[in-house]
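Chemist: Counting in this note's numbering, the sequence shown runs from 43 upward without gaps. Glycine included, every Cβ here is placed at the ideal spot set by N, Cα and C.
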Amino acid sequence: MIMPFVEPVKKKRLPRRFPIYVLVAIIVLSLIALIVSKATRPSLPFSLSDYEKALRKGEYSRVYTIYNDTRLKRSELAGRSQNETILSLLRDADELIGHIESDAKNRSEDLLTRVFNGTPLTDEEVAYIELDAAIAGATMTSFIEEKTNRYLFGEIDENVYLTFMAEMARVPIFSQEYSQVIEKTESLRQVRELLEGANSAAREGSHYGEAENVRKVLAEPVAADIDHVLMYLEQRMARARQLYYDELMPDIISDVEHFRTYDALLKIKKMDGWFPEDETLRRYEAICLEKTPESILNWNGSVEHIAIKPLIADPDRAFDGDRFEASADRDLLLVSEFQRILEQLYERDYVLVDGRSFVSDDGHARAVPYPEGKKPLCLVLDDFFSSEARVESGIAARLDLDGDGHIIGVVRDHDGTERADRFFTAIGVVEDFIDRHPDFSFNGATGTISVVSMNGLFGYPLTEEQDRHWRDDAINYGFNSLLNTVTDLDVNDAKVRELLSSLSKRNWRIASGSYGRLAMDQATLQSISDDIIKVKESVEPVTGEMNILHYPLGIHVEYDKKKTALLAENGYTVLSGYGTSIYSHQEKGYVYVSKTLLSGQALRNPGVSGVKRYVNAQAVYDHANRP
């Protein structure tokens, strides 16, 4: 077959320079990509070196441009998706901004300090301050306000202050506010004079006094003459009120937790209208209003005092015909009798008040607040100590705490077995009665416990001397119950502190009945002084300072002014002995009060003993369990 003639195709060749063109194109595209990438990659408008360069040249306008532009850029970066690049830029921005602000702050403080010390501002410095105010305005304002505060507080001479303020008024940004100070110097002087009371209160640390005095100044027309001074007064009053609030709120909370709602309410009322939106304050106020009687009066006369000695918790042990029976029958009450006494006191409208409510801290008699329709009464648990003779009389050997934290009495039987109950001690009886009859206690009051500490506290020796005395006393009475016992003073100390904490929560006051049950009518001044020293050295480190003394055995020494002066000089602002009628008198540095002892003998002789004004003795007396 004959094929048609086909002309062969000739292949075209690429230009010899084509590779070069391609390479150039790639390079150009890469450069374009690099330029675009660089243009779109986030960065800061200025660096730290830019700022330092502007600062060296004194180009302060550029400094503020750097500051403002960097802050704007930082704000923009903060709104972007965070990656390592953005985070690094934010750190750099913060560093730059921090440098600028720190330098401006230091520069402003140095400049204002020189002005305050008497160096006038140059026109250039006025311009610097005006520019720096955009960065360090808060620092400048704080500096100026501190000088105003010191002037109005009486710490800066008037000429020094006015000269300084005149220079500040030259700065345009401050001119409107501070020129008033120069124009109305007489108003400034008047405010300074009016603030003397507030300044005095502030020096004494009385935030309430300061706040109230500033409030009175604000009520004066002159207070509004100068805007700068008016703002200062308003801020000072608000600051003093807040400080008083911060100081008082822990006390208010503690008062409410310890049932002292009347005290808490008084504190809250002192801040009446100050913090109307404060939810915490309103909540505690509501609690106090609910639990505090609406009508409170002031009792201006002598306050009734009754006393009892430790209760007989085990009548069978007390009245078993031994040598201690007669004294137990004479001096002590049974638990049942004390419970009946509380019932009758309640029915006769007595109300417990605190054992120091009638005397000030410096030993002066004062009125006692109490609920209308009630009669204030102080309860004293007198002659409070443990011994083997008392254990034999059916009295609790020691106090302890139950699982709920209540004080309980622990009775020790002949065989050493211990029995515990809340009603084995007058403390538990009183607390239980108040729990069931809250209105028997005003402001959380319970009573005063007058401790004799020769054998320790609450049945626990705290020193070797106390432990030895208890043991020697037991042997002298013929008891062998302690021969095989070991005393751990550290354990005892911890237990007594636990008991004191529990007693404090229920507002029991701890008073001294002396260290050695000292008969002060027969004691010398030296022996009384020695006894006081023992109390302060071995008891008060645990109990805290005791400022009430109940004369041992109830025998007072009011006729001996040297002895009473010695007691008063040692901090005892209440002294008390036994009596059959209500009585008190004011002496130098203390108040003496008489208290009526309720006992078996007193119940059998209610007229002579004075107990008939409190109770129906025959209804109280436990005929079934007494001899």
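#1: Alpha carbon to alpha carbon, what distance is there between residue 173 and residue 116?
#2: Got a sec? Which residues, its chain only, sit under 6 Å from residue 386 by beta carbon, not counting five neighbours each side?
#3: So for residue 449, helix, strand or coil by DSSP?
#4: When you compare the CB positions of residue 526 and residue 508, do they come within less than 7 Å of one another, or not?
#5: Does the Cβ-Cβ distance between residue 244 and residue 252 come in under 7 Å?
#6: Shortest alpha-carbon distance to residue 205 belongs to which of 232, 161, 187 and 168?
#7: Should residue 395 and residue 487 be called a contact, given that it needs their Cβ atoms to be closer than 7 Å?
#8: Just grab the DSSP bridge partners of residue 258 for me.
#9: Between which two residues does the alpha helix (DSSP H) harbouring residue 241 extend?
#10: Quick check on residue 2: does DSSP put it in helix, strand or coil?
#11: For residue 348, count neighbouring C-beta atoms within 10 Å of its own C-beta (all shown protein chains included) and say buried if the count is 16 or more, exposed if not.
#12: Considering only residues of the stretch 267-332, which uninterrupted alpha helix (DSSP H) runs meet the minimum length of 4 residues and lie entirely inside it, listed in chain order?
#13: Pick out whichever of 424, 208, 443 and 452 has its Cα sitting closest to the Cα of residue 163.
#14: Based on Cα-Cα distance, which residue from 361, 190 and 422 lies nearest to residue 346?
#15: Please check the pair residue 593 and residue 616, which I expect to be a contact at CB under 8 Å, by giving their CB distance rounded to whole angstroms.
#16: Kindly confirm or deny that the stretch 506-522 and the stretch 268-288 touch, where touching means at least three C-beta pairs closer than 8 Å.
#17: Identify, in the order they occur along the chain, each residue of the same chain with its Cβ nearer than 7 Å to the Cβ of residue 463, setting aside the five sequence neighbours on each side.
#18: Below 8 Å CB to CB, which residues in the same chain sit around residue 413 once its five sequence neighbours on both sides are set aside?
#19: Using CA atoms only, rank isn't needed, just tell me which of 87, 124 and 167 is closest to residue 138.
#20: How would you write the range of the beta strand (DSSP E) that residue 666 sits in, first residue to last?
#21: Taking DSSP as the reference, what is the three-state secondary structure of residue 462?
#22: Would you grab the beta carbon distance between residue 557 and residue 626 for me? Rounded to a whole angstrom, and I think it's under 8 Å.
#23: Between which two residues does the alpha helix (DSSP H) carrying residue 176 extend?
#24: I'd like the ranges of any alpha helix (DSSP H) spanning at least 4 consecutive residues and lying wholly in the stretch 569-608.
#25: With a 10 Å radius around its C-beta and 16 neighbouring C-beta atoms as the bar for buried, classify residue 331 as buried or exposed.
#26: Relative to the alpha-carbon of residue 397, which residue among 501, 474, 390 and 409 has its alpha-carbon at the smallest distance?
#27: In the DSSP assignment, find the unbroken beta strand (DSSP E) run with residue 639 in it and report its ends.
#28: Just to confirm before moving on: does the CB-CB distance between residue 274 and residue 249 stay below 7 Å?
#29: If you run the structure through DSSP and keep just helix, strand and coil, what is residue 539?
#30: If we ignore side chains and look at the alpha-carbon of each, how far apart do residue 465 and residue 601 end up?
#31: How is residue 489 classed by DSSP in three states: helix, strand or coil?
#32: Less than 7 Å between the C-beta atoms of residue 438 and residue 360, yes or no?
#33: May I have the straight-line CA-CA distance separating residue 579 from residue 293, to the nearest angstrom?
#34: Specify the secondary structure class of residue 198 as computed by DSSP and reduced to three states.
#35: Just reading off the beta strand (DSSP E) that residue 426 is part of, what are its end residues?
#36: As a quick exercise: from 399, 443, 101 and 474, pick the residue whose alpha carbon is nearest that of residue 671.
Modeler: Reading from the atomic positions:
#1: 21 Å
#2: 657
#3: strand
#4: no
#5: yes
#6: 161
#7: yes
#8: According to DSSP, which records beta bridges pairwise, residue 258 is partnered with nothing at all.
#9: 238-245
#10: The requested residue 2 does not occur in the structure, where the chain is confined to residues 43 to 669.
#11: buried
#12: 269-299 and 303-312
#13: 208
#14: 422
#15: At roughly 11 Å, the Cβ-Cβ gap does not stay under 8 Å, so residue 593 and residue 616 are not in contact.
#16: no
#17: 450 and 451
#18: 335, 337, 338, 339, 393, 481 and 484
#19: 87
#20: It is not in any beta strand (DSSP E) - residue 666 carries neither H nor E in the DSSP assignment.
#21: strand
#22: That pair is no contact at about 26 Å.
#23: 165-194
#24: 582-585
#25: exposed
#26: 409
#27: 632-639
#28: no
#29: helix
#30: 39 Å
#31: coil
#32: no
#33: 29 Å
#34: coil
#35: 417-426
#36: Outside the shown range of the chain, which is 43 to 669, sits residue 671, and nothing can be said about it.
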